[in-house]
Every structure is written in C-alpha cells, then in structure tokens.
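S.K.:
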Ligand SMILES: [Fe+2]
Ligand SMILES: [Fe+2]
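Numbering (this note's numbering), first residue to last: 38 to 476.
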C-alpha cells in the first residue's frame, strides 16, 4: 500500500527544513517525537481490548512503528543540542485528542485514528525528506526517510481491516509545549479506562479457569499430540504476554525512553510468536481456532497492578520458566523429527531470554540497582499474586512459589542462560544452592 496516494485529513507538509536554524528544526522534530511517543503509548493501551488476530496485529505494528519513530527522533533531538530536561511535552491539541480517545475506550475508533496518524506521518516524513536537500540537513534527510519507511511498515496490516477515515485535527500540526520535561521522556499521563480482563478472540471456545478440562498429555512421549499441546498452550500465553507490556507502556508515563522501546519490542515479539505458533499448527494440519482458552487468565492477575508486580509475575518469574522448558525441548524435538518446531522454539527462546532481561533491567531501575530490594519485592509481589489468583478465580495452577529462587521442582536451572537473562550474581548463587550446587 502506498499511503501517499490516500488523502490525509488535514493535509500536512513539512516546513522548508533547509532554511531553518537548528532551534527551529529541533522544534519541528520535537513536535513529531512527542506526537509519535504519545500515540504509540495510547494505542498500546488498547491491546487487551482486542481479541481477534487482524486488529491485534495491526495495533502491534502501529505501536512498533510509532515507538520506532520516537526513538529515531529522540536521538536526533539530542544531536540538535536539546537538553533532555528541556524536551517540553506534547502539544495541547495532541494531549487533548489522546485523552479524548483514551476516555472513549473504543478500540476500533483508536485503530482508525492510528491508521490516519500513520498515513499523516508517512506523508509528513516524505515531505520533510524532500525538503532536506542541503548538505547541512544530510542527517535529517536520512532521519525522515527512515521514519517514513517505519510509518509505511506500520500501515501494512491495516489494509485488511477496512477501517473508516479519521480526522487528525491539529495532532501533527500544533507546536509542542516548550519548557522543562515533566517526565524523563516528556510524555504525559493518559486517562485510560481500567481494563481488568482481556478480550478473547470472537471464535475462541472458553473453559472456566477453575475446573475446566485442559488435560496435560503424557510428558514422557513426544508425539503429535504432545507437540500440538505445546503449541496450543503457547497461544494463550502469547496473548497475555503481548497485552501486559503494551498496557504498561500506556499506564506508566514516568519512565525513560528505553522502557518504552523495550516493552514495545517485547510485545512485538509476542505477536510474532503468535503467528509462528499458528503457522506450525497449520503445518501439522491443525486449526488453531478449535482450542479452548482459560477464562479468566493470568492477564486478570496483573491488570491494574503496580509495574514491579506486572514485571515480576509476567517475566521475572513467568517467562523465566521458558528458559528451561525451551532449552530442554529444542534438542528433544529435533531428535524426534519435529525440525521446524524445534527451530521455531530455538528462536523463541532467544526472544524470551531478552524479555526476562527487560524485566530484570527495569526492576533494577525501580529499585536503584539494589538486588536485595528486588528479591524482597519478588517475594512480596508473589505472595500478593497468590492472593489475587484466589480473588480473581484463576485456580491453583496459576500460583507461584513466593521464594522464587527456591527449587521449584522443574529440574536443574540453566544458570548460564539465566545469567544472560539478567539475574544477579546473588540470584544465581541462590538458584545454584537450591538445586544442589550445580554451578
Ligand atoms: Fe513468547
Ligand atoms: Fe516472552
């Protein structure tokens, strides 16, 4: 799809960049940076409200595009000699429009607006690139071309949705609010409506979380039934693992830019994993729409909780289990002849390691690098998690051992991979001691 052929309301073109002084150019880039970051966070907040695959995939690609643009613009703004504490904030028009969309709580409307915004950005970046013809604006020409490509990439999954046009108002044209940054990135709080439970795909059969029949196959044999079970079990986990980091991006406005780029990449990976699982199931002749989903699921145990709680439950003590599961399963799957599933899980393992690293990194940020404080928070959040599991009605399968580094009956921990996943030296020593000093 060529977005330049589609009318954008209102039409927005860039200033004559070649003739701008640096401070004027910085103001233009700041306007786009604040608009992209705020819009990326706003759209991210709607992820748990979208159950079906095409709108979810479009949303995730739009967020990925917008956060990617914000990251490139942020770097350039620093090069244009804008101090980080003087990034200002988004324009009054952008803040009002984002707040209105957040309060409306209508994911289809938010998606239509996101599509209009990406089209507007694709056009604006093309115009900006074409207005950078002088040698002085070499870096800006490259920047706007890279942002234009990202905007076009973000649009590719929207084509099949058939969304209506949406008016951007002054979102892209109003100047940002100059002055001191109120948050590390200059972004602002969004008045999102609480989302205590996620949406399920419209076609998905459900089973109650407590008492529903989700029998585990015999783990000692690796046959089609077991492999399909592994793939199918992964699908619901990928949904949850997409929604939680995206919703956190929207819910928390006071973190450094690296947090938003990490959470964006995390969610984008999980959406890719969803597609990978679907295609492996299809290759085995299995319809992914036939499998039931537990209702409610783990998303409900994390929704509305503080950020440390979400990262501890989802990643530090949840996705970290994938390290051993996939690490052990990959060679066995290959030996049993499931070559493409083995390769897929090997790549997924690399992603999952990174997701645990993100959680450990940002927990370190929240607790000033104090490993003991992170350990205490882990125990406190897991005790609270087990209470929430009962409150929400998730069933005992969702409960966790509060002393996370204690031996949990899953076999010997892979300390080398856990070190890569950002567990501290103290964590590794405790894990090693708990599993009989295997280090
Ligand atoms: Fe995943
Ligand atoms: Fe993950």
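Note that CB positions come from ideal geometry on N, CA and C, so glycine has one too.
Relative to ligand 2, is the shortest distance from any of its heavy atoms to the C-beta of residue 139 smaller than 7 Å?
M.R.: Here residue 139 is taken as the residue at index 102 of the chain shown, counted from 1. For ligand 2, not one heavy atom lies less than 7 Å from the Cβ of residue 139.
S.K.: According to DSSP, simplified to helix, strand and coil, what is residue 332?
M.R.: In the chain shown, residue 332 corresponds to position 295, counting from 1. Residue 332: strand per DSSP, three-state reduction.
S.K.: Buried or exposed for residue 170, going by 16 or more other Cβ atoms inside 10 Å?
M.R.: Locating residue 170 in the chain shown gives position 133, counting from the first residue. Result: exposed.
S.K.: Can you name, in chain order, every residue of its own chain whose Cβ lies under 6 Å from the Cβ of residue 439, other than the five neighbours on each side?
M.R.: For this step, residue 439 is matched to residue 402 along the chain shown. Excluding positions up to five away in sequence, the list reads 416, 419 and 420.
S.K.: Note the first and the last residue of the continuous alpha helix (DSSP H) segment covering residue 378.
M.R.: Taking the chain shown and counting its residues from 1, the one referred to as residue 378 is at position 341. In the DSSP assignment, residue 378 falls within the unbroken alpha helix (DSSP H) covering 376-403.
S.K.: What residues match up with residue 214 in a beta bridge as DSSP calls it?
M.R.: Within the chain shown, numbered from 1, the residue matching residue 214 stands at position 177. The partner list for residue 214 (beta bridge, DSSP) reads 126.
S.K.: In whole angstroms, what is the alpha-carbon distance linking residue 141 and residue 390?
M.R.: Taking the chain shown and counting its residues from 1, the one referred to as residue 141 is at position 104. Taking the chain shown and counting its residues from 1, the one referred to as residue 390 is at position 353. Near 37 Å, if we compare the C-alpha coordinates of residue 390 and residue 141.
S.K.: Just tell me which of 343, 224 and 85 has its CA closest to the CA of residue 400.
M.R.: Numbered from its first residue, the chain shown carries residue 400 at position 363. The option with the nearest alpha carbon to residue 400 is 343.
S.K.: Tell me which residues share the same chain as residue 381 and place their Cβ nearer than 7 Å to its Cβ, disregarding the 5 neighbours each side in the sequence.
M.R.: Residue 381 sits at position 344 when you count from the first residue of the chain shown. Shown here for residue 381: same chain residues with a beta carbon closer than 7 Å to its own, the five before and five after excluded, namely 313 and 317 in chain order.
S.K.: Roughly how many angstroms lie between the CA atoms of residue 464 and residue 442, to the nearest whole one?
M.R.: By one-based count along the chain shown, residue 464 stands at place 427. By one-based count along the chain shown, residue 442 stands at place 405. When rounded, the distance between both Cα atoms is 7 Å.
S.K.: Any heavy atom of ligand 1 within a distance shorter than 7 Å of the CB on residue 305?
M.R.: The count along the chain shown starts at 1 and reaches residue 305 at position 268. Every heavy atom of ligand 1 is 7 Å or more from the Cβ of residue 305, so no.
S.K.: My output table needs one value for residue 97: the three-state DSSP class, helix, strand or coil.
M.R.: Residue numbering aside, residue 97 sits at position 60 when the chain shown is read from its first letter. Helix.
S.K.: Rounded to the nearest angstrom, what separates residue 80 and residue 107 at their Cα positions?
M.R.: Counting from one through the chain shown, the residue named residue 80 turns up at place 43. Counting from one through the chain shown, the residue named residue 107 turns up at place 70. If I take the Cα positions, the gap works out to 14 Å.
S.K.: What is the DSSP secondary structure of residue 52, counted as helix, strand or coil?
M.R.: The count along the chain shown starts at 1 and reaches residue 52 at position 15. Coil, per DSSP.
S.K.: Please indicate yes or no: does the CB of residue 324 lie closer than 7 Å to some heavy atom of ligand 2?
M.R.: Taking the first residue of the chain shown as position 1, residue 324 is located at position 287. Result no, Cβ not under 7 Å from ligand 2.
S.K.: Which residues have a Cβ closer than 5 Å to any heavy atom of ligand 2, listed in chain order?
M.R.: 278, 356, 389 and 392
S.K.: Quick check on DSSP: helix, strand or coil for residue 350?
M.R.: One-based indexing of the chain shown puts residue 350 at position 313. Residue state, collapsed to three classes: helix.
S.K.: Please go through the stretch 133-204 and give each complete beta strand (DSSP E) segment of 3 or more residues, from N-terminal end onward.
M.R.: Within the stretch 133-204, not a single complete beta strand (DSSP E) segment reaches 3 residues in length.
S.K.: Tell me which same chain residues have a C-beta within less than 6 Å of the C-beta of residue 476, skipping the five on either side of it?
M.R.: By one-based count along the chain shown, residue 476 stands at place 439. Residue confidence is low: residue 476 scores 39 on pLDDT, short of 50, so the model does not pin down where it sits. Its coordinate-derived value is still stated next. So the list reads 452 and 469, once near-sequence residues are dropped.
S.K.: Quick check: the stretch 128-144 against the stretch 99-118, are at least 3 beta-carbon pairs closer than 8 Å?
M.R.: no
S.K.: Helix or strand or just coil, what does DSSP make of residue 118?
M.R.: Position 81 of the chain shown, counted from the start, is the residue given in the question as residue 118. Correct three-state label for residue 118: coil.
S.K.: Write down every uninterrupted run of the alpha helix (DSSP H) in the stretch 235-278 whose length is 4 residues or greater and which is fully enclosed by it, in chain order.
M.R.: Taking only runs of at least 4 residues, no alpha helix (DSSP H) segment lies wholly in the stretch 235-278.
S.K.: I'd like to know if residue 398 contacts chain E, where contact means its C-beta is closer than 8 Å to some C-beta of that chain.
M.R.: The structure shown has no chain E; it contains just one protein chain.
S.K.: I'd like the span of the alpha helix (DSSP H) that includes residue 308, first residue to last.
M.R.: Here residue 308 refers to the residue found at position 271 of the chain shown. Per DSSP, residue 308 belongs to the alpha helix (DSSP H) from 294-320.
S.K.: Kindly indicate which residue of 457, 396, 50 and 90 has the alpha-carbon position closest to the one of residue 237.
M.R.: Position 200 of the chain shown holds residue 237. It is 90 whose Cα lies nearest to the Cα of residue 237.
S.K.: Does the stretch 226-241 come within contact of the stretch 297-315, defined as at least 3 CB pairs closer than 8 Å?
M.R.: no
S.K.: Spatial neighbours of residue 72 within its chain, please: CB distance less than 7 Å, with the 5 preceding and 5 following residues excluded, ordered by chain position.
M.R.: Along the chain shown, read from residue 1 onward, the residue named residue 72 stands at position 35. Excluding positions up to five away in sequence, the list reads 127, 131, 208 and 209.
S.K.: Quick one: is residue 176 buried, meaning 16 or more other Cβ sit within 10 Å of its Cβ, or exposed?
M.R.: Here residue 176 refers to the residue found at position 139 when the chain shown is read from its first residue. That one is exposed.
S.K.: How is the alpha helix (DSSP H) around residue 457 delimited, first residue to last?
M.R.: Position 420 of the chain shown, counting from 1, holds the residue named residue 457. Residues 452-457.
S.K.: Using a threshold of 7 Å, is the CB atom of residue 481 nearer than that to any non-hydrogen atom of ligand 1?
M.R.: Nothing in the structure corresponds to residue 481, since the chain is present only between 38 and 476.
S.K.: Helix, strand or coil: which one does DSSP assign to residue 61?
M.R.: Here residue 61 refers to the residue found at position 24 when the chain shown is read from its first residue. Helix.
S.K.: Suppose the cutoff is 6 Å on Cβ atoms and the five residues either side in sequence are ignored; what does the same chain contact list for residue 363 look like?
M.R.: What you label residue 363 is simply residue 326 of the chain shown in a count that begins at 1. If we look at residue 363 and ignore the five residues flanking it on each side, its Cβ neighbours are 382 and 386.
S.K.: Do you know how far the Cα of residue 69 is from the Cα of residue 184?
M.R.: On the chain shown, position 147 is the one that residue 184 refers to. On the chain shown, position 32 is the one that residue 69 refers to. For residue 184 and residue 69, the distance between alpha carbons rounds to 10 Å.
S.K.: Taking only three categories from DSSP, how would you classify residue 415?
M.R.: Counted from its first residue, the chain shown places residue 415 at position 378. Helix at residue 415.
S.K.: For ligand 1, is there a heavy atom less than 7 Å away from the beta-carbon of residue 385?
M.R.: Within the chain shown, residue 385 is the residue found at index 348, counting from 1. Yes.
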